[in-house]
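Everything below concerns the one structure shown next.
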Amino acid sequence: MKISLEHISKKFLKHWVFRDITLDFEGPGTYAILGRNGSGKSTLLRIIAGMQSPSQGKVHYEYLQQKLNPNEIFQWVSFCAPGMELIEEMSLIEFLQFHFSFKKIANNLSIQDIIEISGLSPHAHVLLGDYSSGMKQRVKLLQAIFADSPILLLDEPCTNLDHHGITQYQSWISAHTANRLVLVASNDPQEYGFCTQTISMESFS
Numbered sequence: 000m001k002i003s004l005e006h007i008s009k010k011f012l013k014h015w016v017f018r019d020i021t022l023d024f025e026g027p028g029t030y031a032i033l034g035r036n037g038s039g040k041s042t043l044l045r046i047i048a049g050m051q052s053p054s055q056g057k058v059h060y061e062y063l064q065q066k067l068n069p070n071e072i073f074q075w076v077s078f079c080a081p082g083m084e085l086i087e088e089m090s091l092i093e094f095l096q097f098h099f100s101f102k103k104i105a106n107n108l109s110i111q112d113i114i115e116i117s118g119l120s121p122h123a124h125v126l127l128g129d130y131s132s133g134m135k136q137r138v139k140l141l142q143a144i145f146a147d148s149p150i151l152l153l154d155e156p157c158t159n160l161d162h163h164g165i166t167q168y169q170s171w172i173s174a175h176t177a178n179r180l181v182l183v184a185s186n187d188p189q190e191y192g193f194c195t196q197t198i199s200m201e202s203f204s
């Protein structure tokens, strides 16, 4: 998998968040996108995910030497961010059944396997709206990390997690991302310590 950013810039009203980013991300590979708050880490990740359009420039995607349609990139991407919404009227098992009706589960796991790995088995039939913020974040990580997708995009993935949750996250990353292109937007080494390459947004402000 290869993602190429060609002179990407993003402007909100009269303010340029970042300008003229030209980069290649190649997978398997792990990249940390670093920078102060407001430097555009999350915005860049959403642009790469196809969730937001750049003000200038283009994003190109290539898989097995074939160009991909940017309008269909959601099929290839798994995404996790603190601000993403869960369907809180669903239980954990209902949500995972719904989510994985659109995407395959990685490594021949079952939904029950994922629930057991998560440690959330006692809460499998509880509505997500009744989950704590840390439990909700674990669910967001589950739907992204355990999906069979070549691109994994993580925005501040340990938000609201306690020490046990952070340890879980790190073990899931170690076990389930070896053959993927992983991008992490973060300022916390606990979240991106496994990444082999770093990119500073300060270079594009």
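Residue numbers for the sequence shown follow numbering that gives the first Met the number 0, beginning at 0 and rising by one.
Quick reminder that beta carbons are idealized off the backbone N, C-alpha and C, glycines included.
As the structure is a computational prediction, the values presented were derived from the model and not from experiment.
Whole angstroms are fine: how far does the CA of CYS194 sit from the CA of LEU43?
As a working note, residue 43 is residue 44 in the sequence shown. As a working note, residue 194 is residue 195 in the sequence shown. Near 17 Å, if we compare the C-alpha coordinates of CYS194 and LEU43.
Between TYR168 and LEU160, is the Cβ-Cβ spacing less than 8 Å?
Indexing the sequence shown from 1 puts residue 168 at position 169. Indexing the sequence shown from 1 puts residue 160 at position 161. The answer is yes: Cβ separation under 8 Å.
Do three or more CB pairs link the region 12-29 to the region 73-84 at distances below 8 Å?
no
Could you compute how far the alpha carbon of ILE116 sits from the alpha carbon of LEU127?
Along the sequence shown, one-based indexing puts residue 116 at 117. Along the sequence shown, one-based indexing puts residue 127 at 128. Cα to Cα, the separation comes out at about 18 Å.
Whole beta strand (DSSP E) elements within the region 9-57, 3-residue minimum
List check, beta strand (DSSP E) in window: 14-25, 28-33.
I'd like to know if the region 135-146 and the region 60-73 are in contact, where contact means that at least 3 CB-CB pairs between them fall below 8 Å.
The region 135-146 makes no contact with the region 60-73; the number of CB pairs closer than 8 Å stays below 3.
Can you tell me where the beta strand (DSSP E) holding ASP154 begins and where it ends?
By 1-based counting over the sequence shown, the position of residue 154 is 155. 150-154 is the span of the beta strand (DSSP E), which, as asked, contains ASP154.
Taking the alpha carbon of GLU88 as the point to measure from, which residue in PHE97, PHE101, GLY49, SER148 has its own alpha carbon closest?
Locating residue 88 in the sequence shown gives position 89, where the first residue counts as 1. The residue with the shortest Cα to Cα distance from GLU88 is PHE97.
Less than 8 Å separating the beta-carbons of GLY39 and VAL16?
Taking the first residue of the sequence shown as position 1, residue 39 is located at position 40. Taking the first residue of the sequence shown as position 1, residue 16 is located at position 17. Judged by beta-carbon spacing, VAL16 lies within the 8 Å limit of GLY39, meaning their Cβ atoms are closer than that value.
I need the DSSP call for THR176, collapsed to helix, strand or coil.
The sequence position of residue 176 within the sequence shown is 177, counting from 1. Looking at THR176 - three-state DSSP - the assignment turns out to be coil, as it is neither helix nor strand.
Measure the Cβ-Cβ separation of PHE24 and LEU182 and say whether it is below 8 Å.
As a working mapping, residue 24 is identified with position 25 in the sequence shown. As a working mapping, residue 182 is identified with position 183 in the sequence shown. The Cβ atoms of PHE24 and LEU182 sit closer than 8 Å to each other.
Since ALA105 contacts ASP147 with CB under 8 Å, what's their CB separation in whole angstroms?
Position 106 of the sequence shown, counting from 1, holds the residue named residue 105. Position 148 of the sequence shown, counting from 1, holds the residue named residue 147. That pair is a contact at about 4 Å.
Boundaries of the alpha helix (DSSP H) in which GLN196 is found, first to last residue
For the purposes of this step, residue 196 is identified with residue 197 of the sequence shown, where counting begins at 1. No alpha helix (DSSP H) holds GLN196; the beta strand (DSSP E) holding it covers 196-199.
Let me confirm a value: HIS122 is counted as buried when at least 16 other C-beta atoms fall within 10 Å, else exposed. Which label applies?
In the sequence shown, the residue the question calls residue 122 occupies position 123. By the 10 Å Cβ count, HIS122 comes out buried.
Starting from SER117, trace the alpha helix (DSSP H) in both directions and tell me its first and last residue.
Translated into the one-based positions of the sequence shown, residue 117 becomes position 118. Per DSSP, SER117 belongs to the alpha helix (DSSP H) from 110-117.
Taking C-beta to C-beta, are ASP19 and SER3 nearer than 8 Å?
Counting from 1 along the sequence shown, the entry for residue 19 is found at position 20. Counting from 1 along the sequence shown, the entry for residue 3 is found at position 4. No, Cβ-Cβ distance for ASP19 and SER3 is not below 8 Å.
Determine the extent of the beta strand (DSSP E) in which VAL125 is found, giving its start and end residues.
As a first step, residue 125 must be located in the sequence shown, where it is residue number 126. Where VAL125 is concerned, there is no enclosing beta strand (DSSP E), given that its DSSP letter is neither H nor E.
Measuring only the C-alpha atoms, how far is ILE47 from PRO69?
Residue mapping note: residue 47 aligns to position 48 of the sequence shown, counting from 1. Residue mapping note: residue 69 aligns to position 70 of the sequence shown, counting from 1. When rounded, the distance between both Cα atoms is 10 Å.
Candidates THR166, ILE198, ALA143, GLY37: which alpha carbon is nearest GLU190's?
Taking the sequence shown and counting its residues from 1, one reaches residue 190 at position 191. Here the closest residue by C-alpha is THR166.
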